[in-house]
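For what it's worth, the numbering used here labels the leading residue of the sequence shown as 10, then goes sequentially. Working notes, beginning with the structure itself.
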Amino acid sequence: MDHNIVGKSVKRLDAVAKVTGKAKYTDDFFERDMLVGKVLRSPHAHAVVKSVDLSRARALPGVVAVFTALDLPKIKFATAGHPWSLDPGHRDVEDRLILTDKARFVGDAVAAVVAEDLLTAEKALHLIDIEYEVLPHVLTAEDALKEGAPLLHDNRPGNIVSSFGVQFGDVEAEFRGADHVIEGDYETSIVQHCHIESMSAFAFVDTDGRVVVNSSTQIPHIVRRIVAQALGLKWGRVQVIKPFIGGGFGNKQDVVVEPLTAAMTLAAGGRPVRYCMTREEVFIDTRTRHAMKLHLKTAVNSDGTLKGIHVQLLSNTGAYASHGHSIAMSAGGKFRPLYDFPAVKFEPKTVYTNLPV
10 MDHNIVGKSV KRLDAVAKVT GKAKYTDDFF ERDMLVGKVL RSPHAHAVVK SVDLSRARAL
70 PGVVAVFTAL DLPKIKFATA GHPWSLDPGH RDVEDRLILT DKARFVGDAV AAVVAEDLLT
130 AEKALHLIDI EYEVLPHVLT AEDALKEGAP LLHDNRPGNI VSSFGVQFGD VEAEFRGADH
190 VIEGDYETSI VQHCHIESMS AFAFVDTDGR VVVNSSTQIP HIVRRIVAQA LGLKWGRVQV
250 IKPFIGGGFG NKQDVVVEPL TAAMTLAAGG RPVRYCMTRE EVFIDTRTRH AMKLHLKTAV
310 NSDGTLKGIH VQLLSNTGAY ASHGHSIAMS AGGKFRPLYD FPAVKFEPKT VYTNLPV
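Written out as structure tokens, the structure reads:
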């Protein structure tokens, strides 16, 4: 193995472009005549759309398109930045629609507008008339698991995304033979990545009929696949371009704005449409570090030798799975290379709630 860079300063390949201002980000490619997309979001944590009247919004001068879930393919897709598995049993949970008629968190996207300029698009949002049937909601994983709790997804009984865990060694034997057993409860909070550049993208249909999406993303190849899946297109009909990104930290390792931006350009007859999330939207409807609760039981000897550990973890994945249970499994895998336990029992459970993902 070549260790010639260990202990040495390494120059960033992109440093000169960034400090000289030559690096181009998605917003730098926006053109003045591009159409502007905006999204109408649910004010309720859990609600069904009962009726929609788009007539006033569509009549506003400067509005090019207004649409809801009724105008889009009803194809559920996953948003996680994982490669496509040929084994259906190993694919990410497909529980998302581009727009929904059942809001599962405050900020869930229920309608979209495409207009000639930002002000017109924002005005049109206020002219969309939607009637909701508000449903009971749950915000904590513990409440979501209670008997009789409101169900977020009909095909996920008990609001459980997954509860698959791992074990090796004889944990109980290590506990019995240890000098000490230490037990405690711990929890982590939701954390927003807060990258300086918000989620932004623009899309258009090129002369070959391909949907071209320029996006601030960490996973362009996966975005291409998921945009095609969400719109019912062949993968070859989608091209994704990734310029420099202004921070991502894992938040942009998920598909957030691209399917909707692609739907916007199709609704506008292929004309270029840009959609840039506000900072408020980033906090409401982009990915977070999940809140987790852990019960740890650790067996140790008086000389400090680690004998065994039993981890029970409850992960709040929010309203949709996204990376879902893989986040919980990743949490379980982080400590293993750091600490030499002869026996480990890891029992994670990932749960839906009416919170952002």
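Every residue, glycine too, gets a C-beta built ideally from N, C-alpha and C.
Whole-angstrom Cβ separation of N223 and P252, contact assumed at under 8 Å? 7 Å
Which whole-angstrom value is the C-beta distance of P365 and A337, which I expect to be below 8 Å? At roughly 17 Å, the Cβ-Cβ gap does not stay under 8 Å, so P365 and A337 are not in contact.
Would you kindly work out how many angstroms separate the C-alpha atoms of T149 and R50, rounded to a whole number? 22 Å
Contacts around D349, its chain only, beta-carbon distance under 7 Å, and the 5 residues preceding and following it disregarded: Same-chain partners within the cutoff: L315.
Span of the alpha helix (DSSP H) around P229: P229 to L240
Could you say which of L154, E125, K132 and K47 lies nearest to L108 if we only look at CA atoms? K47
Alpha carbon to alpha carbon, how far is I84 from L106? 6 Å
Straight-line Cα distance separating V200 from S274: The sequence given here places Thr at residue 274; Ser does not occur at that position. T274 and V200: Cα-Cα distance of roughly 32 Å.
Buried or exposed for A5, going by 16 or more other Cβ atoms inside 10 Å? In the structure displayed, the chain extends from 10 to 366; residue 5 sits before or after that span and is not available.
Taking the alpha-carbon of I235 as reference, which of D215, A112, D104 and G193 has the nearest alpha-carbon? D104
Runs of alpha helix (DSSP H) wholly within the stretch 254-309 (minimum 4 residues, chain order): Correct list: 267-276 and 288-294.
The beta strand (DSSP E) that contains F344, what's its start and end? Neither: F344 is in no beta strand (DSSP E) and is coded neither H nor E.
Best match in R65, E140, V320 and D263 for proximity to K343 [C-alpha to C-alpha]: V320
Looking only at DSSP bridge pairs, what is I169 linked to? V360
Is the beta carbon of G16 within less than 7 Å of some heavy atom of the ligand SAH? Absence of the ligand SAH is noted for the structure shown, with no ligands found whatsoever.
D194 (DSSP reduced to helix, strand or coil): Assigned with DSSP and collapsed to three states, D194 falls in strand.
Where does S60 sit, in a helix, a strand or coil, going by DSSP? strand
Where L303 and I318 are concerned, what is the direct C-alpha to C-alpha distance, given to the nearest angstrom? 12 Å
Enumerated in chain order, which unbroken segments of the beta strand (DSSP E) with a length of 3 residues or greater are wholly contained in the stretch 81-141? 118-124
Could you give the residue range of the alpha helix (DSSP H) that holds A150? A150 to A153
If I follow the unbroken beta strand (DSSP E) through V247, where does it start and stop? V247 to I250
Can you check which of these residues, D294, L322 and P351, is closest to N363 by C-alpha distance? Comparing Cα positions, the closest option is D294.
Please go through the same chain and pick out, in chain order, the residues whose beta-carbon is closer than 7 Å to the beta-carbon of D152, but skip the five residues on each side of it. A158
Looking at V58: is its Cβ nearer than 8 Å to the Cβ of D110? yes
Out of A308, S324 and R65, point me to the one whose CA is closest to V190's CA. A308
Taking 8 Å as the threshold, find out whether the stretch 194-213 comes into contact with the stretch 53-67 through three or more Cβ pairs. no
Can you tell me the Cα-Cα spacing of D179 and D263, whole angstroms? 37 Å
Would you kindly work out how many angstroms separate the C-alpha atoms of L154 and P145, rounded to a whole number? Take the alpha-carbon of L154 and the one of P145: they are about 14 Å apart.
Just to check my reading of the structure: F355 and P281 have Cβ atoms closer than 8 Å, yes? What is that Cβ distance to the nearest angstrom? At roughly 48 Å, the Cβ-Cβ gap does not stay under 8 Å, so F355 and P281 are not in contact.
Please tell me whether V102 and A330 are closer than 8 Å, where the distance is taken between their beta carbons. yes
Taking the alpha-carbon positions, what's the L79 to T197 distance? 38 Å
Quick check: L44 and V73, are their CB atoms within less than 8 Å of each other? yes
Looking only at C-alpha atoms, which of L305, F76 and V265 sits nearest to E290? By alpha-carbon distance to E290, the top candidate from L305, F76 and V265 is V265.
How many Å lie between G193 and G241 at the Cα? 48 Å
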